[in-house]
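Trainee: These protein sequence lines are chains A and B, in that order.
Numbering follows the working numbering, in which position 209 of the first sequence is assigned residue number 793; successive positions increment by one, without gaps.
Numbering follows the working numbering, in which position 108 of the second sequence is assigned residue number 126; successive positions increment by one, without gaps.
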Amino acid sequence: MRRFGAALGAIAIAASAFAGEITPSDRRSGYEFMSRETRAMQDDDTANPGMLWVLEGGTLWEKKTGAAGRACADCHGDPRASMKGVAARYPAFDAAIGRPISLEQRINRCRIDRQQASALAYESRELLALTAFVARQSRGLPIDVTIDARTHPFLDAGRATFHRRQGQLNLACAQCHDDNWGRQLAGNVIPQAHPTGYPLYRLEWQSLGSLQRRLRNCLVGIRAEPYDYGANELVDLELYLMWRARGMTMDAPAVRP
Amino acid sequence: MASALINVPARAKRGEIIEIKTLISHVMETGFRRTQLGAVIPRDIIRRFVCTYNGTEVFRAELHPAIAANPFIVFSTVAVESGTLVFSWTGDHGFSATETAAISVGGPEMAPHTPPRSEPSRETRDGPR
């Protein structure tokens, strides 16, 4: 009898978790939850501190590096054309390793394979600068990750992570971001968790940071052991979040409180 | 690597009040924080920001440890003549950065009116510009 009850409970929880998915017309970017002042900061390219990284990324784009002595620009040319919409399509499937990889991982693959340089550390200034520079070229474009037979299992894995209760607080991402968005968590409004503007400048960090840094922050917040940077779980979760925000407008580098 | 973003209107009318925005990349480490092992992280801040307009100082700010990373400083000045604005930031550990911006001043010739550079009278300050 007890086992039967537990099974019923599990079904009820699963059903309520999936029923809570936000309908496309109700989706709102984190931008819409911000104060007027913070929005103004993001909208003005000379007030948006994220643009400092974009500026630095532009310098790195032109700089020859590694044993191959090649710059990003030597292969990709004008970033306004070659990188347009690229960030809006990541994580994307990488045939070589047979799973989706994040934009940061793609940049590092390019460094290792084409430039014969060392991989940049996650959250290092250089990697953030290059990612911000590439992401900037997608500003205003709709998020459009490719979901097909190859990527579908990873999307499902990401969705499962989003709905899985974790940590000492036993919370799932969905409990805050699907079921309780718009309400307060301490003094802050809970946003819907749409990754439209990464890498973004968080005033709390006083720095630019990647989506994975944000995800790890949330995991620590629910007292869970955060996955390592570049872990498959985080990339799958990124893929799910991008799919969940499909069609929404990219605004990288964004500013968030 | 120090990088800065400057926003100065490229053109202005003589006597017009122009807004200048500056943003510079800097950690602004307060000197009050400690590492996990208890060692003090040495202070590393920008201490002074100066803007000169054709050699004349038009704005100066002193910065302190409570100021956030990547200081964003906005101020205004009066467009008097075409020329160059020079922005310089100096700070701890020999930090020094300089940026310049050109401005062209012209447009409809106004009455020969040199905006007061020092100690404007109350009427001038409150009167319409």
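Glycine is no exception: its CB is placed at the ideal position from the N, C-alpha and C atoms.
All values derive from a computational prediction rather than experimental measurement.
Is the separation between the beta-carbon of Gln721 of chain A and that of Pro779 of chain A shorter than 8 angstroms?
Mentor: Taking the first residue of the first sequence as position 1, residue 721 of chain A is located at position 137. Taking the first residue of the first sequence as position 1, residue 779 of chain A is located at position 195. Contact: no.
Trainee: Between the stretch 781 to 801 of chain A and chain B, which residues of the former have a C-beta closer than 7 angstroms to a C-beta of the latter?
Mentor: Gln790 and Ser791
Trainee: Where are the alpha helix (DSSP H) runs, 4 residues long or more, that stay fully inside the stretch 778 to 832 of chain A, in chain order?
Mentor: Counting only runs that start and end inside the stretch 778 to 832 of chain A, the alpha helix (DSSP H) elements of at least 4 residues fall at 795 to 805 and 816 to 828.
Trainee: Can you tell me whether His44 of chain B is buried or exposed, with buried defined as 16 or more other CB within 10 angstroms of its CB?
Mentor: Taking the first residue of the second sequence as 1, we reach residue 44 of chain B at position 26. Flag for His44 of chain B reads buried.
Trainee: Hey, Phe90 of chain B and Ala631 of chain A: beta-carbon distance below 8 angstroms or not?
Mentor: Numbered from its first residue, the second sequence carries residue 90 of chain B at position 72. Numbered from its first residue, the first sequence carries residue 631 of chain A at position 47. Contact annotation: Phe90 of chain B and Ala631 of chain A have beta-carbon atoms nearer than 8 angstroms.
Trainee: Ile38 of chain B and Ser122 of chain B: beta carbons closer than 8 angstroms?
Mentor: In the second sequence, counting from the first residue as 1, residue 38 of chain B sits at position 20. In the second sequence, counting from the first residue as 1, residue 122 of chain B sits at position 104. No, these two residues do not count as a Cβ contact at 8 angstroms.
Trainee: Here's the rule I'm using: 16 or more other beta-carbon atoms within 10 Å means buried, otherwise exposed. How should Thr74 of chain B be labelled?
Mentor: Position 56 of the second sequence holds residue 74 of chain B. Result: exposed.
Trainee: Going by DSSP, name the residue or residues bridged to Ala676 of chain A.
Mentor: By one-based count along the first sequence, residue 676 of chain A stands at place 92. Answer is A:Ile685, bridged to Ala676 of chain A.
Trainee: At a Cβ threshold of 8 angstroms, is Asn72 of chain B touching chain A?
Mentor: On the second sequence, position 54 is the one that residue 72 of chain B refers to. By this cut-off, Asn72 of chain B is not an interface position.
Trainee: Near Gly49 of chain B, what residues of its chain come up, given a Cβ to Cβ distance below 8 angstroms and the 5 sequence neighbours on each side ignored?
Mentor: On the second sequence, residue 49 of chain B is found 31 positions in, with the first residue counted as 1. Here the set comprises Val58, Ile59, Pro60, Arg61, Asp62, Ile63 and Pro83.
Trainee: Taking only beta carbons into account, state which residues of the stretch 616 to 650 of chain A come closer than 7 angstroms to chain B, listed in chain order.
Mentor: Thr630, Ala631, Pro633, Met635, Leu636, Leu639 and Glu640
Trainee: Would Asp835 of chain A be called buried (16 or more neighbouring beta carbons within 10 Å of its own) or exposed?
Mentor: Working through the first sequence from its first residue, we reach residue 835 of chain A at position 251. Buried, because 16 or more other Cβ atoms sit within 10 Å of the Cβ of Asp835 of chain A.
Trainee: Does chain A have any CB closer than 8 angstroms to the CB of Leu103 of chain B?
Mentor: Translated into positions along the second sequence, residue 103 of chain B becomes position 85. Judged by the 8 angstroms Cβ criterion, Leu103 of chain B is not in contact with chain A.
Trainee: Which parts of the stretch 94 to 133 of chain B are runs of the beta strand (DSSP E), unbroken and 3 residues or longer, counting only runs that do not cross its ends?
Mentor: If we require 3 residues or more, the beta strand (DSSP E) runs fully inside the stretch 94 to 133 of chain B come out as 101 to 109 and 114 to 124.
Trainee: Would Leu799 of chain A and Leu818 of chain A be called neighbours here (beta carbons separated by less than 8 angstroms)?
Mentor: Counting from 1 along the first sequence, the entry for residue 799 of chain A is found at position 215. Counting from 1 along the first sequence, the entry for residue 818 of chain A is found at position 234. For Leu799 of chain A and Leu818 of chain A, yes; Cβs fall inside 8 angstroms.
Trainee: Note down the Cα distance separating Leu825 of chain A from Ala22 of chain B, rounded to an integer number of angstroms.
Mentor: For this step, residue 825 of chain A is matched to residue 241 along the first sequence. For this step, residue 22 of chain B is matched to residue 4 along the second sequence. Between Leu825 of chain A and Ala22 of chain B, the C-alpha separation is close to 33 angstroms.
Trainee: Report the rounded CA-to-CA distance for Arg570 of chain A versus Tyr785 of chain A, giving the unit in angstroms.
Mentor: Look at the range of chain A in this structure, 585 to 841, and you will see that residue 570 of chain A is not part of it.
Trainee: Tell whether a beta-carbon distance below 8 angstroms holds between Arg749 of chain A and Ala756 of chain A.
Mentor: Taking the first sequence and counting its residues from 1, the one referred to as residue 749 of chain A is at position 165. Taking the first sequence and counting its residues from 1, the one referred to as residue 756 of chain A is at position 172. Yes, they are a contact pair.
Trainee: Do you know how far the Cα of Tyr782 of chain A is from the Cα of Gln700 of chain A?
Mentor: What you label residue 700 of chain A is simply residue 116 of the first sequence in a count that begins at 1. What you label residue 782 of chain A is simply residue 198 of the first sequence in a count that begins at 1. Distance between the alpha carbons of Gln700 of chain A and Tyr782 of chain A is about 27 angstroms.
Trainee: Give a yes or no on whether the minimum CB-CB distance between Ala120 of chain B and chain A is below 8 angstroms.
Mentor: Numbered from 1 along the second sequence, position 102 holds the residue referred to as residue 120 of chain B. Closer than 8 angstroms to the CB of Ala120 of chain B there is not a single CB belonging to chain A.
Trainee: Apply the 10 Å Cβ neighbour rule to Arg29 of chain B and answer buried if 16 or more other Cβ atoms are within range, or exposed otherwise.
Mentor: What you label residue 29 of chain B is simply residue 11 of the second sequence in a count that begins at 1. Classification of Arg29 of chain B: exposed, given that the 10 Å Cβ count is below 16.
Trainee: Under a Cβ-count criterion, where at least 16 other Cβ atoms within 10 Å of its own Cβ denotes burial, should Arg695 of chain A be classed as buried or exposed?
Mentor: On the first sequence, position 111 is the one that residue 695 of chain A refers to. Label assigned to Arg695 of chain A: buried.
Trainee: Identify, in the order they occur along the chain, each residue of the same chain with its Cβ nearer than 8 angstroms to the Cβ of Ala599 of chain A, setting aside the five sequence neighbours on each side.
Mentor: Indexing the first sequence from 1 puts residue 599 of chain A at position 15. Note that Ala599 of chain A scores a pLDDT of 42, beneath 50, so its modelled location is shaky; the value from the coordinates is reported in the next line. Correct list: empty, nothing qualifies.
Trainee: Is it true that the CB of Asp110 of chain B sits closer than 8 angstroms to the CB of Arg52 of chain B?
Mentor: On the second sequence, position 34 is the one that residue 52 of chain B refers to. On the second sequence, position 92 is the one that residue 110 of chain B refers to. No. Outside cutoff.
Trainee: For chain A, is any of its Cβ atoms less than 8 angstroms away from the one on Ser43 of chain B?
Mentor: By one-based count along the second sequence, residue 43 of chain B stands at place 25. For Ser43 of chain B, the answer is yes, since a Cβ of chain A falls inside 8 angstroms of its Cβ.
Trainee: Is Leu81 of chain B close to chain A, meaning its C-beta is less than 8 angstroms from at least one C-beta of that chain?
Mentor: Residue numbering aside, residue 81 of chain B sits at position 63 when the second sequence is read from its first letter. Not a single CB atom of chain A sits nearer than 8 angstroms to the CB of Leu81 of chain B.
Trainee: Would you say Met31 of chain B faces chain A, with C-beta separation under 8 angstroms as the test?
Mentor: Here the question's residue 31 of chain B lines up with position 13 in the second sequence. Per the sequence presented here, residue 31 of chain B reads as Lys, with Met not at that position. Chain A, which has no Cβ nearer than 8 angstroms to the Cβ of Lys31 of chain B, makes this no.
Trainee: For a contact meaning CB atoms closer than 7 angstroms, what does Ala86 of chain B contact in chain A?
Mentor: For this step, residue 86 of chain B is matched to residue 68 along the second sequence. Neighbours of Ala86 of chain B on chain A, chain order: Gln790.
Trainee: Measure the Cβ-Cβ separation of Glu605 of chain A and Asp762 of chain A and say whether it is below 8 angstroms.
Mentor: For the purposes of this step, residue 605 of chain A is identified with residue 21 of the first sequence, where counting begins at 1. For the purposes of this step, residue 762 of chain A is identified with residue 178 of the first sequence, where counting begins at 1. Yes; because the gap between Cβ atoms is below 8 angstroms, this pair is in contact.
Trainee: Is there at least one Cβ from chain A nearer than 8 angstroms to Ser114 of chain B's Cβ?
Mentor: By one-based count along the second sequence, residue 114 of chain B stands at place 96. So, not an interface residue.
Trainee: If you measure from the beta carbon of Phe50 of chain B to each beta carbon in chain A, is any gap under 8 angstroms?
Mentor: Counting from 1 along the second sequence, the entry for residue 50 of chain B is found at position 32. No, Phe50 of chain B does not count as interfacial toward chain A.
Trainee: Applying a beta-carbon distance threshold of less than 8 angstroms, which residues of chain A neighbour Leu23 of chain B?
Mentor: If you number the second sequence from 1, residue 23 of chain B lands on position 5. Result: Asp629, Thr630, Met635, Leu636 and Leu639.
Trainee: Note down the Cα distance separating Ile774 of chain A from Glu688 of chain A, rounded to an integer number of angstroms.
Mentor: Position 190 of the first sequence, counting from 1, holds the residue named residue 774 of chain A. Position 104 of the first sequence, counting from 1, holds the residue named residue 688 of chain A. Each residue's alpha carbon lies about 27 angstroms from the other.
Trainee: For the stretch 703 to 785 of chain A, list the alpha helix (DSSP H) runs that are entirely contained and at least 4 residues long, ordered along the chain.
Mentor: 709 to 720, 736 to 747 and 757 to 761
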